[in-house]
Amino acid sequence: MTAAGARPSPRQAWGALPWLVRTAVVWSACLVVVVFGCYLLGQVAVLLAPLAIAVAVTLFLTALLDPVLLILRRLRVPAALAALLSVLLLLGVLVGVGVLVWNLTAAQFGELSQQLDEGLQRSRDFVTETLPVSDAQLDKLIGQVRDGLGGSTPDPVGGARTAAEALGSALLALVLLFFLLKDGRSMWHWVLRRMTGPNRTVAAEAGRVGWRTLGSYSRGTMIIAAIDAIGIGLALVVLGVPLALPLALITFLGGFVPIIGATVAGAVAVLVALAANGPTTALLVLAAVIAVQQVEGNLLEPLIMKRQVQLHPAVILVVVTAGTLIAGIAGAFVSVPIAAVAYRVVDTVQRHREQVAPTPPADRPHHRRDEPPAAPA
1 MTAAGARPSP
11 RQAWGALPWL
21 VRTAVVWSAC
31 LVVVVFGCYL
41 LGQVAVLLAP
51 LAIAVAVTLF
61 LTALLDPVLL
71 ILRRLRVPAA
81 LAALLSVLLL
91 LGVLVGVGVL
101 VWNLTAAQFG
111 ELSQQLDEGL
121 QRSRDFVTET
131 LPVSDAQLDK
141 LIGQVRDGLG
151 GSTPDPVGGA
161 RTAAEALGSA
171 LLALVLLFFL
181 LKDGRSMWHW
191 VLRRMTGPNR
201 TVAAEAGRVG
211 WRTLGSYSRG
221 TMIIAAIDAI
231 GIGLALVVLG
241 VPLALPLALI
251 TFLGGFVPII
261 GATVAGAVAV
271 LVALAANGPT
281 TALLVLAAVI
291 AVQQVEGNLL
301 EPLIMKRQVQ
311 LHPAVILVVV
321 TAGTLIAGIA
331 GAFVSVPIAA
341 VAYRVVDTVQ
351 RHREQVAPTP
361 PADRPHHRRD
371 EPPAAPA
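Be aware that the sequence shown starts at 1, since it is given in the UniProt record's numbering, and climbs by one per residue.
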């Protein structure tokens with residue numbers, strides 16, 4: 001009790017607040033701390049963008065090549081040689097596919113740009129003729145969008161620096177890939193040996209689940225992107241749309257950015273079909289793109305990825321948007337696997353805590369609060 005006219009202490013003032021207000025304050029404070037921590041991590045990743053991208057790509061490729069490494073190790077191949085063969089296999093596939101695609105489509109990319117311009121012009125004419133929007137208003141809106149996306153005048157010095165950073169990140173990723181394939185498991189065991197008690201068990205289980213999730217995501221995403229590219233490419237060939245192979249390649253690359261990448265790739269295909277063959281073919285291409293994406297989302301993705309990387313589409317949209325705003329295209333590529341792995345790790349830790357949490361015995365006798373517990377006999 002406080003004297004009349006005396007100020008209550010902070011603890012008393014806090015206790016006098018309704019429980020709903022106290023709960024809202026505590027949760028808001030926790031949310032602010034979490035968001036601020038994520039913001040700091042994002043800023044550090046942006047400052048160290050080449051290193052962060054190299055590490056992310058290395059982890060992605062390591063999870064992708066891990067089954068190949070395990071097969072070689074079962075064949076009694078030494079660890080260093082198995083890691084080197086895995087890296088050489090990756091380089092061979094990438095270089096071979098790149099050379100093949102370039103030889104088949106290099107002469108068509110200029111035509112693809114022209115077809116896109118024609119498709120955009122037809123779309124522009126349709127908008128200005130159908131909607132109450134003038135050419136000046138549409139130009140102003142496009143300019144605002146371009147400025148918001150950072151579309152400024154090209155800088156040769158900045159472009160050269162970006163190219164040098166990309167080349168350095170690629171070389172660093174290859175070196176890190178070799179060492180992670182060769183010594184990754186021993187590194188993880190070294191970390192686990194530094195832990196004691198139940199923390200070691202939880203960390204080991206969370207690490208296994210996180211690594212399994214990353215592997216499922218990397219292999220599943222590549223398979224689904226290839227199936228999307230083949231399906232949409234065949235539809236373009238059947239409908240007689242030109243530049244089917246470059247559009248299929250764009251679809252394959254867009255498949256690595258969930259939801260948004262497939263939408264952008266489908267829009268490009270529809271624009272090319274509109275410019276080349278008119279609105280009827282464009283509508284048929286749109287129907288084919290929607291059908292392929294529905295089959296992929298409702299049948300292939302649950303079948304291939306199972307429940308390892310299940311995230312709600314709303315969560316994926318928010319994560320991809322946040323990754324794009326923080327680190328551009330690279331952030332869009334790595335945001336979903338980071339979120340999926342983090343979710344599975346946190347879920348594993350929470351399940352382990354629930355399993356080891358002590359439960360009160362059901363037959364424990366209860367007594368009234370105003371009575372002392374019975375004395376032992």
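Positions of the beta carbon are idealized from the N, C-alpha and C atoms, including for glycine.
Predicted model, so just to flag it, every value in this text is computed and none were measured.
Residue span of the alpha helix (DSSP H) that contains asparagine 277, given as start and end: By one-based count along the sequence shown, residue 277 stands at place 277. For asparagine 277, the uninterrupted alpha helix (DSSP H) run begins and ends at 260 to 277, by DSSP.
Whether or not the region 310 to 328 and the region 239 to 246 are in contact is what I'm after, with contact meaning three or more pairs of Cβ atoms, one per stretch, closer than 8 Å; do they touch? The region 239 to 246 is not in contact with the region 310 to 328.
What whole-angstrom Cβ distance do arginine 344 and glycine 210 have, given they're in contact under 8 Å? On the sequence shown, position 344 is the one that residue 344 refers to. On the sequence shown, position 210 is the one that residue 210 refers to. Contact flag correct, Cβ pair sits at about 6 Å.
Enumerated in chain order, which unbroken segments of the alpha helix (DSSP H) with a length of 4 residues or greater are wholly contained in the region 29 to 116? Entirely contained in the region 29 to 116, the alpha helix (DSSP H) runs reaching 4 residues are, in chain order, 49 to 74, 79 to 105.
Use the C-beta contact count for proline 10: other C-beta atoms within 10 angstroms, 16 or more gives buried, fewer gives exposed. Translated into the one-based positions of the sequence shown, residue 10 becomes position 10. Proline 10 counts as exposed, since fewer than 16 other beta carbons sit within 10 angstroms of its beta carbon.
Count the other C-beta atoms from every protein chain shown that fall within 10 angstroms of the C-beta of proline 372, then say buried if there are 16 or more, exposed otherwise. In the sequence shown, counting from the first residue as 1, residue 372 sits at position 372. Annotation note: pLDDT 47 at proline 372 (below 50); position unreliable, no value reported.
If I follow the unbroken alpha helix (DSSP H) through leucine 234, where does it start and stop? Here residue 234 refers to the residue found at position 234 when the sequence shown is read from its first residue. Counting along the chain, the alpha helix (DSSP H) containing leucine 234 begins and ends at 198 to 238.
Hey, alanine 82 and leucine 69 are a contact pair by Cβ (cut 8 Å); roughly how many whole angstroms apart? Walking along the sequence shown from the start, residue 82 turns up at place 82. Walking along the sequence shown from the start, residue 69 turns up at place 69. The distance from the Cβ of alanine 82 to that of leucine 69 is about 5 Å, consistent with a contact at the 8 Å cut-off.
Do you know offhand how far aspartate 66's Cα is from alanine 170's? For the purposes of this step, residue 66 is taken as residue 66 along the sequence shown, with counting starting at 1. For the purposes of this step, residue 170 is taken as residue 170 along the sequence shown, with counting starting at 1. Those two C-alpha atoms are separated by around 19 Å.
With DSSP run on the structure shown, which of helix, strand or coil describes proline 242? Taking the sequence shown and counting its residues from 1, the one referred to as residue 242 is at position 242. Taken through DSSP and simplified to helix, strand or coil, proline 242 comes out as coil.
is_contact[leucine 303, chain B] using C-beta, thresh 8 Å: Of the protein chains in the structure, only one exists, and it is not chain B.
The alpha helix (DSSP H) with arginine 7 in it runs from where to where? As a working note, residue 7 is residue 7 in the sequence shown. Taken as a continuous stretch (DSSP letters only), arginine 7 belongs to no alpha helix (DSSP H), as it is neither H nor E.
Check the C-beta distance from glutamate 165 over to isoleucine 227 and give it rounded, since I have them as a contact under 8 Å. Within the sequence shown, the letter at position 165 stands for residue 165. Within the sequence shown, the letter at position 227 stands for residue 227. Glutamate 165 to isoleucine 227, Cβ: 33 Å. No contact.
How do the region 193 to 204 and the region 82 to 91 stand: do at least 3 beta-carbon pairs fall below 8 Å, yes or no? Counting Cβ pairs under 8 Å, fewer than three are found: no touch.
Run the CB neighbour count on glutamine 293, radius 10 Å, all protein chains shown included, and call it buried at 16 or more, exposed below. To locate residue 293, count along the sequence shown from 1; it is residue 293. In summary, glutamine 293 is buried, with 16 or more beta-carbon neighbours lying within 10 Å of its beta-carbon over all protein chains present.
Using the rule of at least 16 other Cβ atoms within 10 Å of the residue's Cβ for burial, across every protein chain shown, is glycine 240 buried or exposed? What you label residue 240 is simply residue 240 of the sequence shown in a count that begins at 1. Exposed, because fewer than 16 other Cβ atoms sit within 10 Å of the Cβ of glycine 240.
Three or more C-beta pairs below 8 Å linking the region 185 to 199 and the region 213 to 230: As far as the Cβ criterion goes, the region 185 to 199 does not touch the region 213 to 230, which means the pair count is below three.
Assign glutamate 354 to one of two classes, buried (16 or more other C-beta atoms within 10 Å of its C-beta) or exposed (fewer than that). As a position in the sequence shown, residue 354 is number 354, starting the count at 1. Taking all protein chains in view, the Cβ of glutamate 354 is surrounded by fewer than 16 other Cβ atoms within 10 Å, so the residue is classified as exposed.
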